[in-house]
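Below is one structure, written out as structure tokens; the observations come after it.
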Amino acid sequence: MLEPGGEAELAAMIADARAPLAICGGGTRGALARGEVLSTARLRGVVLHEPGALTLVVRAGTPLSEVEAVLARAGQRLGFEPWDARAVLGTRGEPTIGGVAAANVAGPRRVQAGAARDAMIGLRFVDGTGMVVANGGRVMKNVTGYDLVRLMAGSRGALGVITEIAFRLQAVPETEATLVLAGLSDREAVARMARALGSPHDVSGAAHAGGETLLRIEGMEASVAYRAEALRKLLGGGEMLGPSESAARWRELRDGAEFAGAEGEVWRVSVRPSAGPEVAAAWPGARVAYDWGGGLVWLNVPAGADVGAVVMRLGGHATRLGDGRVLRSGGEGVAALVRGLKAAFDPRGILNPLAEG
Amino acid sequence: MQTNFTPAQLADPATARANAILRSCVHCGFCTATCPTYQLLQDERDGPRGRIYLIKDMLEHERVPDAETVTHVDRCLSCLACMTTCPSGVHYMHLVDHARAYIEARYRRPWRDRMLRGLLARVLPYPTRFRLALLAAKVARPFARLVPDARLRAMIAMAPRAIPPVSRNDDPQVFAAAGARRMRVALMTGCAQRAIDTGINDAAIRLLTRLGAEVVVVDQGCCGALSHHMGRAEEARRLAARNILAFAAEAEGRGLDAVVITTSGCGTAVKDYGHIFAGTPLADRAARVAGLARDVTEVIEALGLPEGAGGLCVAYHAACSLQHGQGIRTLPKDLLHRAGYRVSEPADAHLCCGSAGTYNLLQPEISGQLRARKVATLAATEAEVIAAGNLGCMMQIAQGANVPVVHTVELLDWATGGPRPARLGPG
Amino acid sequence: MQMPEPRARVIARKAAIVAALRDILGAEAVIDDPAGTRADECDALTAYRCPPLCVVLPATTEEVAAVMRLCRAEGVPVVPRGAGTSLAGGALPTADGVILSVARMTRIMGVDTADRVIHLETGRTNLSVSAAVEGEGFFYAPDPSSQLACAIAGNIAMNSGGAHCLKYGVTTNNLLGVRMVTMAGEIVTIGGPWLDAGGIDLLGVICGSEGQLGVVTEAWLRILPRPEGARPILLGFGSNAVAGACVADIIEAGLVPVAIEFMDRPCIRACEAFAGAGYPDCEALLIVEVEGSPAEIEAQMARITAIAARHDPVAVRQARDAAEAGRIWLGRKSAFGAMGQINDYLCLDGTIPVSALPEVLARIAEMTAAAGLAVANVFHAGDGNLHPLILYDANAPGELEKAERLGADILRLCVAAGGCLTGEHGVGVEKRDLMGVQFSAADLEAQMRVKDVFDPDWLLNPAKVFPLAASAARRAA
């Protein structure tokens, strides 16, 4: 296993590599890796945390838990609510912030606060030729040159090894509450969630799982109370969860806890929210959970199920948990551009293979 | 933005004025967004920013205008929506007026254009000739589809089916105020208006006198706006001069508090007399008349309109000359509201209806598209009647609308004691 | 402004190229006469100008594809143009290049409020997108000040921001998918009415690529429900630095107003003259807008007012009604244009960490005085996105160069303070030659490799973004 202690050392290792490497953060999400493991574990530590500017610059191998602890002390957090794959995959180890970035992780708050890609404002990486590249910076708005930050977010080590990332942070709100509706069919639930997300009440989570439909509100005390009540009126009733119950419930939803130990394959499928139930309808009886108002479907299907056919029919994309394999609509035009980028950034095929195609 | 005029060029006051206007433009492009012709054609040259650029190039190089430049300047409606939008205060009106005069003086139009423009300039400003032309159009209507020129066909189509008798109200005279006189105003009777719709001035006289104004009608002619917008600067000045002398004499004689104008297209031109006559012997008197010029709604507001019993749903069409040219945007709506009407405005109220003086006659295709848009947005308000403060707009919209189109002042008059406007039919 | 030598072969074949374009688009959609091409010789950055070979106005994606195939075959550079409102010269033509305008592509293909997405052609103006969904209670969040006129195509090319991005993010955070024509004339669809990419995020790198990777003709944009209410408050201060300190305190307190905007005295006066918003006449003014339920607005207003009080404000005033709020924003959004009442200007766009605001503003004032020029400041303070407007007289020889030198120095200062050259306007030609201040050769190489993949011949908007020396070998190949 290669464990560089710094960016220059990492660059040299990649430049000198003669065979494919398996780029790896905490190893909790799995990857389509082959070859010798290259771990970012020693590229560790917070470089800069400026609470007054809502920014954090951190090295890629820093454990997510450490990042969250640092932020919590300042009353801040990563707005995109990174989910933890250990429960559903049964993996061990510590998720790293670099892994979160490389997989473009996003939890339930995706609908309101965006994904990792939206919070990432700068990064450094080493490409497949060993070239060290910086892009973006540590300011909120930056359109100087091409946006390689977003290109790297979700590239899963196929275009480069991320060594350092700058994030835009969020202040932790005063409180939260969750409205729970029971007994809705999938279609009814998605329709209610659409109404909630289309309302002015700033819903920060909209999920339907285990027979319950959950809608989360966060913010100042008075405002949460007002909006939660308004939402209840809008949707015609429901039970309210207070802050701690709400937080616990959303943590389970975030991590797909109900899929722990599932037989077969678990996929996360992203489609138009209103098409969510159609994904599930392709496998009657399969275990499903909806997040993002229906736009994200957690799907447990038998091994070998043709998830791709559904994604192509509805439009969207799907990621298989475990090896991170990706299927997406868009056709050969998109695939050719992706292959072109892979060849441009990793001409020798040293880094992780593409997760798609 | 940067300009390239020589000191010799800048010695000419008109060029110096154009330079000052061009210098204030920062080319931000906001104006394109509210320009009706840009909305239709999406060609940079058919928006104010592009036209300003074409004009700049033509003036800087003292070029003989080329056909392309003329085409795009001709397509400008002079609706002045761009001036409302422009944050830099670019005086587009003076620039395009100057360009039109420049083109008229240096560009030889095809013979058919010359003939048409000459015809319009010799007919429209003169009520008697205009009445004769309307009769001719009536006769020609059955044969209209045989006419080879779309513009001539547009003129024939535009002529109203009924031509009202001459109104004796438009003759020189004085109408006494009802009750105590609170104001003394001169009424501009207009030219086309005297031939096509005499009801407007009648209503204005009734309402103004009822509100306490003494209304004077002096011997007058066309304000010059129609010629002015065709670039016929000399002719425009000659026509305007007659009115300036007449109104200035009245103001200096028995005194005037205002010159009241019921056609906002004329109003915009009269309010600009000071600029048009700057540096001429008439400068002072022109500025005085310009300073007295008021849209009829402004005078009604000054006199104080009582609450009325209007009742109808009215869609208010904002004439460009009123909303953009004179910056009168909410007043007519407020007055209609006070008179008891339920007032709505169509979507995209800032867009021109395509009338624009002689534009509907010279550019029938673009004008027709703008009319269709305007009529559709007005229809969407589901109003029972459409009100506007400019005769040109009224005629243009009436060609497509399926509810009556009347002048704002007719509705105000009716709601506060006057007769029901004839166009509304028997009640 | 140095631009590459026009390709002699292209100039020589102009007549044939124009004829072929007319075969594709019809005569009227190709403009090649000298007066006509001059109208497109610049965008909203008028300091640099060059009439193009010709201008084309395609009406469909398929027409765009046909134009691109022809231009690639003929080796003709293509400069895409939205509404021509770029402040960075993003649509500056070259003499051998075709200006490809998407102005005629303005259809809306679909609005879906259940999925919170609008699908449209990119020639539409930014504001008209919000107008199209306003009736259902939605809006499109990115709101560049030019939103009345600027096209979505340009917004995507420049990853445009705006005043309200503090809360809602910039274009890239609100863009779900595009239909795009590559220089090879291939039509590709990337993303769609769903979230994120799954694999490699092509959309992320296309947004903000300044029209160098493809011509985006259609887009799926995220629309958001309109908040219950919004209210701006005006906070006037005795100096720029104090106002800057107040901004840093608001952000640090964890408040997230939707916008924190800053104007200094010259800007306040120009904007007041246009909009009649009732801005207090003070050295520095903050417009802070909060939104949400009435309770939320009151609570946030109370906390913001308390923070402002610590900085000895000379004026504190909340908008009383929607009309007043409208005038406050009209004035702010017209600031650049309104400065035209005063002088010619160069508009900068550097961004700095919010915490550095007081220090950087003070330094800009010193540098400006030393250069013998005047600067007016108006910017998005909440995210540190500065817009110093360097005032100069375009008709006076040497003044532009003087202003450019000061501009470059100010941008170097922004980078040194931990910021960047451009926060939302893009690099264009304006900041092209300063890219080396922010990026190493390797940083630029990595970006140029992306262009190699999308446009191997470097025909799309080739003289922008990258310093000419850095891209020379690629453009020559």
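Residue numbers (the numbering used here), protein chains in the order written: chain A, 1 to 357; chain B, 358 to 784; chain C, 785 to 1261.
A virtual CB, placed ideally from N, CA and C, is assigned to each residue, including glycine.
{"Check": "Which listed residue (B/V732, B/N376 and B/A598) has its alpha carbon closest to that of B/I633", "Outcome": "B/A598"}
{"Check": "Straight-line gap, C/D1133 to A/P20 (C-alpha atoms, nearest Å)", "Outcome": "43 Å"}
{"Check": "Of the listed residues B/A494, B/F487, B/R611 and B/A758, nearest to B/V531 (C-alpha basis)", "Outcome": "B/R611"}
{"Check": "Contacting positions in the region 126 to 157 of chain A - beta carbon closer than 7 Å to chain C", "Outcome": "D127, M131, V132, V133, A134, N135, G137, R138, V139, M140, K141, N142, V143, T144, G145, Y146, D147, L148, R150, L151, A153, G154 and S155"}
{"Check": "Residues in the region 223 to 241 of chain A having any Cβ partner in chain C nearer than 7 Å", "Outcome": "S223, Y226 and R227"}
{"Check": "Residue span of the beta strand (DSSP E) that contains A/S270, given as start and end", "Outcome": "E265 to S270"}
{"Check": "Short CB-CB distance (under 8 Å) between A/W292 and chain C", "Outcome": "yes"}
{"Check": "Pair within 8 Å by beta-carbon distance, B/C677 and C/A828", "Outcome": "no"}
{"Check": "Chain B contact for C/T830 (CB, 8 Å cutoff)", "Outcome": "yes"}
{"Check": "Which listed residue (C/G1121, C/T955 and C/V1026) has its alpha carbon closest to that of C/C1051", "Outcome": "C/G1121"}
{"Check": "Chain-ordered neighbours of C/S885 on chain A, where CB pairs are closer than 7 Å", "Outcome": "Going along chain A, no residue has its Cβ under 7 Å from C/S885, so there is no contact; the nearest lies around 22 Å."}
{"Check": "Any 3 or more C-beta pairs closer than 8 Å across the region 654 to 667 of chain B and the region 533 to 542 of chain B", "Outcome": "yes"}
{"Check": "Where the beta strand (DSSP E) containing C/F1163 begins and where it ends", "Outcome": "A1158 to H1164"}
{"Check": "CB contact flag (C/E1002, C/V962, <8 Å)", "Outcome": "yes"}
{"Check": "CB contact flag (A/L374, A/L56, <8 Å)", "Outcome": "Residue 374 of chain A lies beyond the stretch modelled for chain A, which goes from 1 to 357, so this question has no answer here."}
{"Check": "Straight-line Cα distance separating C/C1204 from A/R359", "Outcome": "Residue 359 of chain A lies beyond the range of chain A shown here (1 to 357); nothing can be said about it."}
{"Check": "Sheet register partners of A/L214 (DSSP bridge)", "Outcome": "A/V180 and A/A207"}
{"Check": "Distance cut-off 7 Å: C/S914 Cβ against heavy atoms of the ligand MN", "Outcome": "Among the ligands in the structure shown, none appear at all, so the ligand MN cannot be discussed."}
{"Check": "Cβ-Cβ distance between B/P364 and B/A511 below 8 Å", "Outcome": "no"}
{"Check": "Min CB distance C/F1238 to chain A below 8 Å", "Outcome": "yes"}
{"Check": "Cross-strand partners of C/W1004 (DSSP beta bridge)", "Outcome": "C/H903 and C/G961"}
{"Check": "C/C834 to B/S712 span [Cα, whole Å]", "Outcome": "37 Å"}
{"Check": "B/T773 versus B/L568: straight-line alpha-carbon distance, rounded", "Outcome": "10 Å"}
{"Check": "Spatial neighbours of C/P1251 in its chain, beta-carbon cut-off 7 Å, leaving aside the 5 residues before and after", "Outcome": "R1216, D1217, M1219 and G1220"}
{"Check": "Residue environment, C/G1210, which counts as buried when at least 16 other CB atoms sit within 10 Å", "Outcome": "buried"}
{"Check": "Through-space distance from A/G75 to A/P51, alpha-carbon basis", "Outcome": "9 Å"}
{"Check": "Residues from the region 1125 to 1141 of chain C in contact with chain A, defined by Cβ distance under 8 Å", "Outcome": "T1135, I1136, P1137, V1138 and S1139"}
{"Check": "Cβ shell of C/L1114 (< 6 Å), same chain only, five flanking positions each side left out", "Outcome": "A1059"}
{"Check": "Test: B/D400 CB closer than 8 Å to a CB of chain C", "Outcome": "yes"}
{"Check": "C/I1035 classed as buried or exposed, judged by whether at least 16 other C-beta atoms fall within 10 angstroms", "Outcome": "buried"}
{"Check": "Member of C/A849, C/A875 and C/R797 whose CA lies at the smallest distance from the CA of C/K1248", "Outcome": "C/A875"}
{"Check": "Beta-bridge pairing of C/E1075 - partner residues as DSSP gives them", "Outcome": "C/A1014"}
{"Check": "C/E1183 to C/A941 span [Cα, whole Å]", "Outcome": "31 Å"}
{"Check": "Local conformation of B/F500 per DSSP, three classes", "Outcome": "helix"}
{"Check": "Within chain C, the residues that B/V383 reaches when beta carbons sit closer than 8 Å", "Outcome": "A828, T830, F1120, G1121, M1123, G1124, D1128 and Y1129"}
{"Check": "Of the listed residues B/A497, B/L434, B/P484 and B/S621, nearest to B/T715 (C-alpha basis)", "Outcome": "B/L434"}
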